[in-house]
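Each protein sequence line maps, in turn, to chains Z and F.
In case it helps, our numbering puts the first sequence at residues 1 to 107.
In case it helps, our numbering puts the second sequence at residues 1001 to 1107.
Positions of the beta carbon are idealized from the N, C-alpha and C atoms, including for glycine.
Below is one structure, written out as structure tokens; comments come after it.
Number of protein chains: 2
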Amino acid sequence: MSSAANYLADVLKSLSQPTRLKIIDFLRAGERCVCEIFPAIDEEQSNTSRHLTSMQTHGILSRRKEGVKIYYAVKHPEVFEIIDRAEEIVKLEIDFRSGVIKESERG
Amino acid sequence: MSSAANYLADVLKSLSQPTRLKIIDFLRAGERCVCEIFPAIDEEQSNTSRHLTSMQTHGILSRRKEGVKIYYAVKHPEVFEIIDRAEEIVKLEIDFRSGVIKESERG
DNA sequence: TTGCTATATGATTATATAATCATATTTGAA
DNA sequence: TTCAAATATGATTATATAATCATATAGCAA
């Protein structure tokens, strides 16, 4: 049935979790291996690996094997655009709410 | 601590669930009341109300009361841009995967 | 008031998710 | 071969989430 709609939700869900957002942010600088990623984001190796595998499965990350190391990278630049837009919303909301507080403080 | 990072995740999480995506898609046409939304997306009133409340809380939707009706609208155009980008990723991935299948079929 | 319509919310249940610990697997090097 | 490093995965647990049903609340109209 709604395989496309669910796929869309899966893609967005991949980008909506703090640990995964930390990974993606670290990968803004480019391809990195797991051994670089998990210390950088200060998460356990196994947890990091799960999130990486999950994001690769959902088409967010690419994966490349080189010897014993696995390199991951953000596969589509749209991923960064999505996060940048979401950050704009966060900023707008913070401004909006501080504005609302000022309004109400004014009485 | 990471209130900003968690807020970012919350915003994206608001956009990563099938029912909420149906709501947002319906609201592309503009502001609508709950009584219009839940039949359009074919979900229960109470479930729809919860998602609407949740998205309003996270700054995704605006809310306006008019008599007994409550009108919701998408608050930031960035929301649509995010979803459009995610849909691009879905399309790219579908193409990519069918390409991969063709590669392997070719042997 | 009474009653009707619109919306929200409490309680519950089922399911999904994230994190953790322990361990398996793979690969290159000694 | 044996070993160590890198990565993945099974089992478990705690928590979050979505949906549902029943009911509460708010506001308008008769």
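Item: Buried or exposed (CB count within 10 angstroms, at least 16 for buried), F/ASP1084; Value: exposed
Item: Inter-stretch contact at 8 Å, needing at least 3 Cβ pairs: the stretch 1057-1066 of chain F / the stretch 1036-1044 of chain F; Value: no
Item: Start and end residues, beta strand (DSSP E) containing F/GLU1043; Value: That residue, F/GLU1043, is in no beta strand (DSSP E); it is neither H nor E in DSSP.
Item: Beta strand (DSSP E) segments (min. 3 residues) lying fully within the stretch 30-85 of chain Z; Value: 61-66, 69-74
Item: Segment contact flag, the stretch 1044-1055 of chain F with the stretch 1081-1096 of chain F, C-beta cutoff 8 Å, min 3 pairs; Value: no
Item: Residues of the stretch 1066-1091 of chain F whose Cβ lies closer than 8 Å to any Cβ of chain Z, in chain order; Value: HIS1076, GLU1078, VAL1079, GLU1081, ILE1082, ILE1083, ARG1085, ALA1086, GLU1087, GLU1088, ILE1089, VAL1090
Item: Below-9 Å beta-carbon distance, F/GLY1059 vs any chain Z residue; Value: yes
Item: For Z/LEU21, the first and last residue of its enclosing alpha helix (DSSP H); Value: 18-26
Item: Distance, F/ASP1025 Cα to F/TYR1072 Cα; Value: 13 Å
Item: Z/LYS65 burial status per 10 Å Cβ neighbour count (16 or more: buried); Value: exposed
Item: Between the CA atoms of Z/SER98 and Z/ILE5 - distance to the nearest angstrom; Value: The question names Ile, but residue 5 of chain Z is Ala in the sequence shown. Z/ALA5 and Z/SER98: Cα-Cα distance of roughly 35 Å.
Item: Burial state of F/LYS1069, where buried means 16 or more other Cβ atoms lie within 10 Å; Value: exposed
Item: Rounded C-alpha distance that separates Z/LEU27 from F/VAL1011; Value: 21 Å
Item: Distance, F/GLU1093 Cα to Z/GLN56 Cα; Value: 11 Å
Item: Cβ-based neighbour list, F/PRO1018, same chain, cut-off 8 Å, excluding 5 preceding and 5 following; Value: none
Item: C-beta neighbour in chain F for Z/GLU44, strict 9 Å; Value: no
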